[in-house]
Structure formats: structure tokens, C-alpha cells
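Enquirer:
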Amino acid sequence: MALLSIIVPTYNEAENIGRLVGRISDALAGLDHELVVVDDSTDGTDQILATLAGRAPRLRVVHRESRTGLASAVVDGIAVARGDVLSVLDADLQHPPEVLPALVRAIQDTGADLAIGSRYIPGGGSEFTLPRRVISRGAIALAQILLRRARSVSDPVSGFFAFRRGVVEGVVLRPLGYKILLEILVRGRISRVVDVPYHFEARPAGQSKLTLAQNWAYLRHLFLLWKEQPPSPPLERVVFSG
2 MALLSIIVPT YNEAENIGRL VGRISDALAG LDHELVVVDD STDGTDQILA TLAGRAPRLR
62 VVHRESRTGL ASAVVDGIAV ARGDVLSVLD ADLQHPPEVL PALVRAIQDT GADLAIGSRY
122 IPGGGSEFTL PRRVISRGAI ALAQILLRRA RSVSDPVSGF FAFRRGVVEG VVLRPLGYKI
182 LLEILVRGRI SRVVDVPYHF EARPAGQSKL TLAQNWAYLR HLFLLWKEQP PSPPLERVVF
242 SG
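2 is the number of the first residue of the sequence shown in the numbering used here; add one for each residue after it.
So, in C-alpha cells, the structure goes:
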């Protein structure tokens, strides 16, 4: 397999980061990979990462002084990642690392440019409360109304996905807030996308980072992408059952 880079943006995940690194290592045992953590934390996560990096040669840590959000952290991670395939997941253990091999296989087996972990196809699901489920569905509906390429996928606001490096090579990404997948969907070089089911898990520890300010940033981001989206045909969509 080509080198896989896993990009994880972190902000104050001291209670989860050790378990995440361990689960990623176990899930990808025998696969050529690197783990790039882009850390904006103030709670001691950086010290835990320094200790982990001392005994985990595949772990690379990027510390940022300016905290400009999850999506920009992913962009900074892309800039230093060395993989042929890149994957993104959150640090709060709601995206199960054990699904990473399936995302990579989906790209390899279907010839897709982008594999999206989806909660909204058979085999997928979530542990959302009813209000959170309504917010998620509303965000998806709005994205699919405004953005042509978002209509081609079942979960365009997913934070768990993988893509070929060529999707973003030479592409200027200008995300706002935390929904980096929408930025890549609209601006990236993509012709085929594959949905991979996964179950969005409950956060085991720590506090959710979702705030009203984040929701406002999402709306602003949608509006900018709507204005700037290039004319393009619908993406070819396949579902991976592997």
C-alpha cells in the first residue's frame, strides 16, 4: 500500500489523545503510515504528545501558536503530510480509527478520488441526541441545496474521510470554521467519490467544541462556497460494502 498520512487536528483533548494514538496504531498495524497531529491545545495535550512521540516514530506533531480552527489545522496538516493518500479524523474518538483501513480500501478498490465516512447509508449510524440529529440533518440539507457537489454524497459534512493527494495538489483551500470536507468537495480535483458506512460514537471524555460561533462560521463558509463554486458535472458516486 502507498504511504497513508492520517491528519488529526487537536484542541484540548488530553483525556482522549493517548487512546486515539494507540487505537490508530493498532488499526493500521502492518500498513505504511504516518500520524500527523496538528495541536492547538492549552490543557497539556502538547506534553502528552511529546511523550508519545518519543516512543512512536510514526507520530509527527505540529504545534500552532495561533488557534484558527479545526479546518485550518487540517490545511496545515496537509501541507506537511507526505502520504499518497491522506485521511482526516477528529481527536475525540467519535470517529473510530478501526474504519481507516476500509476508507483506504474503498479508494483502492473503486478508483475513487475521495472516500467519505458516512453516518447516513446502510451500515452507518450515530449516537446523536435528537437535537443534534436535527442540526446535522439541517446542515446537510442546506449544503445540498447550495452546493452542486454536496448533492452527490450522503454525508457532505462528515469529518471522517480520505482522499488521494492529487485532489488538493495545487489547490488553494480557504476554509472557515470546522467543515473542511465541504471545502475539499467544492475546490478539489474530484470525479468519483465513494461512501463508506461508519458509526459515529459518543465522546468518551472531554467537552464538545461545537458552539454557536462554529455554526455561524459554517453558514458563512457555505455562502462563500456557493458564490465561488466552479461549474462542474455531478460527481460519480459509489458505495463501498467491502
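Ideal Cβ positions, reconstructed from N, Cα and C, are used throughout, including at glycine.
Quickly, what does DSSP pair residue 35 with across the bridge? List them, please.
Expert: Answer is 6, bridged to residue 35.
Enquirer: Thinking just about the alpha-carbon of each residue, which of 112, 198, 98, 162 is nearest to the one in residue 183?
Expert: Looking at the Cα atoms, 162 is the closest of the given residues.
Enquirer: Between the Cα of residue 192 and the Cα atoms of 112, 94, 76, which residue gives the shortest distance?
Expert: It is 112.
Enquirer: In this structure, does DSSP put residue 137 in helix, strand or coil?
Expert: It is helical.
Enquirer: Find out if the Cβ-Cβ distance for the pair residue 37, residue 68 is shorter than 8 Å.
Expert: No, the Cβ-Cβ distance between residue 37 and residue 68 is not below 8 Å.
Enquirer: Can you tell which of 233, 213, 23, 222 has its C-alpha closest to the C-alpha of residue 136?
Expert: That would be 213, whose Cα lies nearest to the Cα of residue 136.
Enquirer: Buried or exposed for residue 27, going by 16 or more other Cβ atoms inside 10 Å?
Expert: Looking at its Cβ environment, which holds fewer than 16 other Cβ atoms inside 10 Å, residue 27 is exposed.
Enquirer: Do residue 240 and residue 122 have their CB atoms nearer than 8 Å?
Expert: Result yes, Cβ atoms of residue 240 and residue 122 sit closer than 8 Å.
Enquirer: By how many angstroms is the C-alpha of residue 189 removed from the C-alpha of residue 6?
Expert: Approximately 18 Å between the Cα atoms of the pair.
Enquirer: Is the beta carbon of residue 117 less than 8 Å from the beta carbon of residue 165?
Expert: It is not a contact, given that the beta carbons lie outside the stated cut-off.
Enquirer: With a 10 Å radius around its C-beta and 16 neighbouring C-beta atoms as the bar for buried, classify residue 171 as buried or exposed.
Expert: So residue 171 ends up on the exposed side.
Enquirer: Closer than 8 Å is the cut-off here; do at least three beta carbon pairs connect the stretch 142 to 161 with the stretch 220 to 236?
Expert: As far as the Cβ criterion goes, the stretch 142 to 161 touches the stretch 220 to 236, which means the pair count is three or higher.
Enquirer: Under the rule that 16 or more other beta-carbon atoms within 10 Å means buried, what is residue 95, buried or exposed?
Expert: That one is buried.
Enquirer: Quick one, are the C-beta atoms of residue 203 and residue 99 less than 8 Å apart?
Expert: Cβ atoms of residue 203 and residue 99: not closer than 8 Å.
Enquirer: Which word fits residue 75, buried or exposed, when buried means at least 16 other C-beta atoms lie within 10 angstroms of its C-beta?
Expert: Per the 10 Å Cβ criterion, buried.
Enquirer: Of the choices 71, 59, 81, 11, whose alpha-carbon is the least far from that of residue 43?
Expert: The option with the nearest alpha carbon to residue 43 is 11.
Enquirer: Between the C-alpha atoms of residue 220 and residue 138, what's the straight-line distance to the nearest angstrom?
Expert: One C-alpha to the other measures close to 14 Å.
Enquirer: Take the Cβ of residue 91 as the centre, count every other Cβ of all protein chains shown within 10 Å, and call the residue buried at 16 or more, exposed below.
Expert: Residue 91 should be labelled buried.
Enquirer: Between residue 85 and residue 168, is the Cβ-Cβ spacing less than 8 Å?
Expert: Result no, Cβ atoms of residue 85 and residue 168 do not sit closer than 8 Å.
Enquirer: Take the Cβ of residue 81 as the centre, count every other Cβ of all protein chains shown within 10 Å, and call the residue buried at 16 or more, exposed below.
Expert: Exposed: under 16 other Cβ atoms inside 10 Å.
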